[in-house]
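*Asks:* Just add 796 to wherever you are in the sequence shown, counting from 1, and you've got our numbering.
Below you'll find the structure I mean.
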Amino acid sequence: MSSDRKNEIPSNEEVIEELTKNLKDSAIKTDSFGNDETHSFSESDTEADSHSKDETEIRDVDYIEDDLLKERDENLSEEEKRELLQKALSLKNEGNTKFKNQEHEEASKIYTEALRICPLMFPNYRAILFSNRAAAKSTIHIESAIQDCTRAIELDPVYLKAYIRRSKLFERNDKLDEALEDLKKVLEIDRNYTEAAYNARVCYF
797 MSSDRKNEIP SNEEVIEELT KNLKDSAIKT DSFGNDETHS FSESDTEADS HSKDETEIRD
857 VDYIEDDLLK ERDENLSEEE KRELLQKALS LKNEGNTKFK NQEHEEASKI YTEALRICPL
917 MFPNYRAILF SNRAAAKSTI HIESAIQDCT RAIELDPVYL KAYIRRSKLF ERNDKLDEAL
977 EDLKKVLEID RNYTEAAYNA RVCYF
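Now the structure itself:
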C-alpha cells in the first residue's frame, strides 16, 4: 500500500466494512471465554435478582402513560397545549442544569415530569426529552436508558443524537452488533456525519 493510500481518509463504506470484520473477530474471541462467563452468572443469582428489582422500580417511577396523555390532550385548546409545551421546556432546562451538575437521578425525575406535561402533538420535543432522560439514566440503569433512546427514535426517526447515544449504550452493554447498526443508521441518514465514523473507529478499533 502506498504512503498516499495510507494517509487517505477512509470512506463511510470502508469504515463499515472494517467495523463488520472487527466485530466478527471480536465475537470469536468472546466465545472462547464463554464457560467462565457462565460460571460467574451461576454464582450471582442474588445480584441478578437485585438488578431485576431495580429495573422494575425505575420503570414504575418513570413510566409514561400515553393513553392518559392522549385523553387529556383531547380536552385542551391549542393555546393550552402551547402553554404546557413551554412548561415542559422550562423543566427540560432545569433537568439540563441538574445533569450538568452531575445530579443524574434528579435530572431523570425532572425529564419524566416534563414528559408527563408535554402534549403528544409535539413528538420532536418529546424525543429530545426521552433522549435527555436516557443520558441521565446512563449512570443509573443502562437498559432503561436504551429504552428511552428507542422511544426517542420512534418519535423522531432521523434524530441522530439518539442513535449515537444508544450506540454508545449498546457498546457499554457489550451489544456490539446493535451498536454498529445504530452507527450505520446515522451514516444512512447523513452521509457526511463524520462523527459517527470517528466514533465507530474509536469504539471498535
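From the three backbone atoms N, C-alpha and C, an ideal C-beta is built for every residue, glycine too.
Count the C-beta pairs between the segment 954-970 and the segment 917-934 that are closer than 8 angstroms, then say yes if the count reaches three, no if not.
*Replies:* Segments in contact, yes.
*Asks:* Taking the alpha-carbon positions, what's the residue 912 to residue 870 distance?
*Replies:* Mapped onto the sequence shown, residue 912 falls at position 116. Mapped onto the sequence shown, residue 870 falls at position 74. Roughly 15 angstroms between the two C-alpha positions.
*Asks:* Tell me whether the segment 888-907 and the segment 945-952 touch, counting them as touching only if at least three CB pairs, one residue from each stretch, are closer than 8 angstroms.
*Replies:* No: the two stretches stay apart, fewer than three of their Cβ pairs being nearer than 8 angstroms.
*Asks:* Going by DSSP in three states, residue 899 sits in which element: helix, strand or coil?
*Replies:* The residue you call residue 899 lines up with position 103 of the sequence shown. Note: residue 899 maps to coil in three-state DSSP.
*Asks:* So, with DSSP's three-state summary, where would you put residue 971?
*Replies:* Within the sequence shown, the letter at position 175 stands for residue 971. Note: residue 971 maps to coil in three-state DSSP.
*Asks:* For residue 920, I'd like the list of residues in its chain whose CB is within less than 6 angstroms of its CB, leaving aside the five on either flank, ordered along the chain.
*Replies:* For the purposes of this step, residue 920 is taken as the residue at position 124 of the sequence shown. Contacts found: 952.
*Asks:* Quick one: what does DSSP say residue 987 is sitting in, helix, strand or coil?
*Replies:* On the sequence shown, position 191 is the one that residue 987 refers to. Three-state DSSP puts residue 987 in coil, outside helix and strand.
*Asks:* Would you tell me roughly how many angstroms separate the C-alpha atoms of residue 844 and residue 936, rounded to the nearest one?
*Replies:* As a first step, residue 844 must be located in the sequence shown, where it is residue number 48. As a first step, residue 936 must be located in the sequence shown, where it is residue number 140. Caution applies to residue 844, whose pLDDT of 39 falls short of 50 and renders its modelled position unreliable; the value that the coordinates give is listed next. So the two alpha carbons sit approximately 15 angstroms from each other.
*Asks:* CB residue 983 to CB residue 963, shorter than 9 angstroms?
*Replies:* By 1-based counting over the sequence shown, the position of residue 983 is 187. By 1-based counting over the sequence shown, the position of residue 963 is 167. In this structure, residue 963 does not lie closer than 9 angstroms to residue 983 by Cβ.
*Asks:* What number of angstroms, rounded off, separates the C-alpha of residue 974 from the C-alpha of residue 967?
*Replies:* In the sequence shown, counting from the first residue as 1, residue 974 sits at position 178. In the sequence shown, counting from the first residue as 1, residue 967 sits at position 171. Spanning the two alpha carbons is a distance of roughly 8 angstroms.
*Asks:* Return the residue from the list 972, 918, 977 and 893 that minimises the CA-CA distance to residue 929.
*Replies:* In the sequence shown, counting from the first residue as 1, residue 929 sits at position 133. Residue 929 has its Cα closest to that of 893, out of 972, 918, 977 and 893.
*Asks:* Which of the three DSSP states, helix, strand or coil, is assigned to residue 906?
*Replies:* Taking the sequence shown and counting its residues from 1, the one referred to as residue 906 is at position 110. Three-state DSSP puts residue 906 in a helix.
*Asks:* Hey, would you say residue 910 sits closer than 9 angstroms to residue 877, going by beta carbons?
*Replies:* To locate residue 910, count along the sequence shown from 1; it is residue 114. To locate residue 877, count along the sequence shown from 1; it is residue 81. Contact: no.
*Asks:* Can you give the beta carbon distance from residue 941 to residue 965, rounded, assuming they're within the 8 angstroms contact cut?
*Replies:* Working through the sequence shown from its first residue, we reach residue 941 at position 145. Working through the sequence shown from its first residue, we reach residue 965 at position 169. That pair is a contact at about 5 angstroms.
*Asks:* Residue 872 and residue 914 - do their beta-carbons sit closer together than 9 angstroms?
*Replies:* The residue labelled residue 914 in the question sits at position 118 within the sequence shown. The residue labelled residue 872 in the question sits at position 76 within the sequence shown. Contact flag unset, no.
*Asks:* Out of 988, 933, 987 and 862, state which residue places its alpha-carbon closest to the alpha-carbon of residue 961.
*Replies:* Numbered from its first residue, the sequence shown carries residue 961 at position 165. That would be 933, whose Cα lies nearest to the Cα of residue 961.
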